[in-house]
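Position 429 (the sequence shown) corresponds to 429 in the UniProt record's numbering; numbering is contiguous.
The beta-carbon is built from N, C-alpha and C at its ideal position, and this holds for glycine as well.
All remarks here apply to the structure that follows.
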Amino acid sequence: MTTTTQNTNLLPEAQRGPAERLLEVVLGGSAHLWHNRPGLDVNGTWVAAAHASATQKAQGRPVKPGLFVPAAVRLYRQLLDIYKLNAELMAHFASYALTQTDWRDLKVATCALMLVQEHAGQPVRDDHGQVAFHDDDWRAIGEAMVLHYERKSTRMLTPKAVLRVAELLEQPEIARLNREAGFGDPASRKAPMGRWKRVASRWLSAREANLPMLQGLVKAGYKETLKKLARKAGYKPATQGFFEVLGWKQKQSAEGHRTVGLSGLTLVKRERFDGLSEAEICEWIEMERLSYKEVVGRLPKDVGLTPAIMAALLPSLSDRDLRLMTPTLEELGLLAEPSVRTRWEKAVANATDQRALNIAKNVRSEVLRQKLEEASDNAARHAVAEATAEADVRVMFLIDKSGSMEGAIENSKEALTRILAGFPMDKLHIAAFDTMGTVLKPKAANRTAVQHMLAGLKASGGTTHAAAVQALHRDGVRVPEGAKLVVIVVGDEAGEAGDQFARAFRDFGYCVAAMALLVSVAGARGNTVRTCAGQMKVPFSEVNVDQFADPYQVPRVLKALLDAPTAQSVSVPQNGWVERVMRTPLLKVA
């Protein structure tokens with residue numbers, strides 16, 4: 001589901017610089033732009049039509065599968081605002097989004113902006129009309145995003161993503177934003193497309209020159225996407241082999257200017273498997289190395305997807321595919337096969353998102369359900385490991401269980417179960433507080449242990465954040481010299497004055513590198529944590545706990561929150577994740 005943050009105590013608009021806006025995109029931007037099923041637009045939020053409540057059905061407007069425009073406009077406007085304030089930061093963020101994240105929609109949106117924005121290497125003339133130098137060519141970053149290739153990597157644009165860049169730029173509301181920003185002719189009816197057609201044609205040309213690569217894309221199910229790309233880019237193939245691989249019959253245009261692919265084509269067509277036995281279909285799959293997408297639509301109704309056929313298709317499935325198809329593998333009995341089970345468990349260990357929690361609801365076996373929950377834990381572990389790879393980071397989680405959290409404490413528990421299992425237990429310190437602090441220790445580093453640890457928390461009493469710090473110190477928690485301490489508070493931050501909270505860290509000898517707030521609000525909220533961070537002059541970030549309902553959001557948020565700054569500035573505390581973005585080399589066209 002597409003969600004929006006509901007923070008009520010953010011910095012005033014005038015004080016929110018590009019770094020704060022960039023953090024907001026990542027910490028509060030769990031929006032998905034494209035959906036493959038019917039939905040409802042409920043006040044700008046996408047809701048799956050099949051799972052909508054009666055209230056949502058009454059309030060919502062039906063939307064077809066495809067691009068959800070309100071979310072697209074919201075994200076693109078955020079990126080455009082960052083670009084206007086600091087174009088260089090946006091250039092580095094686009095490079096970071098492609099090479100260091102798996103957020104597919106963000107890659108599309110940043111690529112679209114970079115292809116169309118105004119820094120295009122134009123000559124800058126001096127007072128005498130002579131070319132003094134050339135402007136930065138950051139449209140080349142958008143081109144490099146499209147052309148970036150890394151074999152078997154998920155961190156490059158797929159054919160569908162390249163097409164979606166154009167679909168996004170063609171949306172009337174996005175086109176209007178680009179014209180208003182000065183990226184296109186304000187009088188033109190055509191959407192500003194920047195260099196998309198040029199780079200899409202170059203992308204297609206590279207695949208045409210390497211037919212095995214083109215054939216691989218067709219086998220992966222991108223045949224129709226490639227045709228749409230060629231049409232939209234106005235691509236002119238150099239040889240008829242391009243048309244043959246795509247099975248794309250050609251005819252002469254009205255203007256009569258076509259010269260390639262009009263005659264002598266040997267079209268490659270996918271025949272159905274009607275009349276073949278199960279064994280023959282399996283032999284065909286192995287001989288042609290067919291993928292799941294290539295086969296499933298060609299199976300005879302009287303054969304269907306059998307265990308043997310599914311087993312023959314397993315080599316073509318990615319780890320992500322295996323996790324998603326767990327219910328099918330269970331139904332076919334394949335997870336009882338040792339070789340299949342070993343491969344599946346490896347896929348669980350490599351999880352980078354928490355979508356397995358949703359899949360777990362659709363399996364019958366309790367053992368499989370627990371394994372899928374492990375995949376969720378593994379995704380959090382990978383995110384923590386990546387965020388803390390460059391430094392020794394210790395984390396304090398301080399959980400508000402005071403009376404003001406009545407009605408919100410359960411949301412806090414669910415968010416924490418998705419997060420805490422990702423941390424090494426020797427570097428994680430947890431305390432709950434009202435007017436007294438209580439140290440909490442999970443029995444193991446997994447979801448079940450975290451749920452057990454949090455089960456007894458009930459909302460009651462007053463609110464003294466410093467009591468949690470005192471409890472951890474009393475319990476013997478010390479931060480080694482050279483380690484960075486990140487403090488994450490979970491609650492509504494309504495409590496004692498922020499300077500008193502800050503004093504507690506100083507009194508107990510804790511040098512804080514960064515602070516964050518996971519906002520969980522039942523009623524009004526305060527400003528204790530933000531003020532505390534300001535008093536200590538350390539970076540402050542916040543995110544609404546509702547964001548963690550998105551299975552892709554937990555890894556993103558952990559990476560952003562845990563990246564402590566490399567050095568503290570007395571006057572301008574900077575989030576360490578933003579520092580990492582700025583250290584990302586700008587992509588270049590090869």
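Exposure of residue i, with buried meaning 16 or more beta-carbon neighbours within 10 Å
i	result
residue 53	exposed
residue 567	Because the pLDDT of residue 567 is 46, which lies under 50, any placement of that residue in the model is unreliable, and the number read from its coordinates should be weighed accordingly. By the 10 Å Cβ count, residue 567 comes out exposed.
residue 590	exposed
residue 130	exposed
residue 133	exposed
residue 475	exposed
residue 122	exposed
residue 288	exposed
residue 371	buried
residue 570	The predicted model places residue 570 with a pLDDT of 45, which falls under 50 and marks its position as unreliable; any figure quoted below should be read in that light. It counts as exposed.
residue 36	exposed
residue 465	buried
residue 544	buried
residue 151	exposed
residue 401	buried
residue 58	exposed
residue 166	buried
residue 591	Because residue 591 is not part of the residues shown, which for the chain are 1 to 590, the question remains open.
residue 353	buried
Assumed close pair residue i, residue j - CB separation to whole angstroms, cut-off 8 Å
i	j	result
residue 387	residue 563	5 Å
residue 447	residue 417	5 Å
residue 175	residue 191	4 Å
residue 112	residue 168	5 Å
residue 578	residue 19	5 Å
residue 40	residue 62	6 Å
residue 479	residue 510	6 Å
residue 561	residue 384	Incorrect: roughly 10 Å between the Cβ atoms, too far for contact.
First through last residue of the beta strand (DSSP E) which encompasses residue i
i	result
residue 517	512-519
residue 541	540-544
residue 400	393-400
residue 577	Residue 577 -> not in any beta strand (DSSP E); alpha helix (DSSP H) instead, spanning 576-583.
residue 319	Run containing residue 319: none in the beta strand (DSSP E); it sits in the alpha helix (DSSP H), 319-324.
residue 487	484-491
Helix, strand or coil at residue i according to DSSP, with G and I counted as helix
i	result
residue 464	coil
residue 26	helix
residue 436	coil
residue 156	coil
residue 62	strand
residue 101	coil
residue 607	Lying outside 1 to 590, the shown extent of the chain, residue 607 is not represented and no answer is given.
residue 384	helix
residue 10	Because the pLDDT of residue 10 is 43, which lies under 50, any placement of that residue in the model is unreliable, and the number read from its coordinates should be weighed accordingly. If DSSP states are grouped into helix, strand and coil, residue 10 belongs with coil.
residue 586	coil
residue 193	coil
residue 446	coil
residue 86	coil
residue 110	helix
residue 96	helix
residue 231	helix
residue 452	helix
residue 413	helix
residue 376	helix
residue 275	coil
residue 53	coil
Residue range of the alpha helix (DSSP H) that includes residue i
i	result
residue 142	139-147
residue 595	Examination of residue 595 is not possible in this model, given that the chain is present from 1 through 590 alone.
residue 213	211-219
residue 441	Neither: residue 441 is in no alpha helix (DSSP H) and is coded neither H nor E.
residue 534	528-536
residue 289	Looking at the DSSP string, residue 289 is not in any alpha helix (DSSP H), and its letter there is neither H nor E.
residue 248	Neither: residue 248 is in no alpha helix (DSSP H) and is coded neither H nor E.
residue 500	498-507
residue 348	338-349
residue 553	553-562
residue 306	Where residue 306 is concerned, there is no enclosing alpha helix (DSSP H), given that its DSSP letter is neither H nor E.
residue 478	Note, residue 478: premise wrong, no alpha helix (DSSP H); not H, not E.
residue 172	172-180
Sheet register partners of residue i (DSSP bridge)
i	result
residue 123	134
residue 41	46 and 61
residue 431	398 and 439
residue 67	34
Check: residue i C-beta below 7 Å from any heavy atom of the ligand FMN
i	result
residue 545	Because no ligand of any kind appears in the structure shown, any question about the ligand FMN cannot be addressed here.
Closer than 8 Å to chain D by CB, residue i
i	result
residue 531	Looking at the structure shown, chain D is missing, and only one protein chain is on hand.
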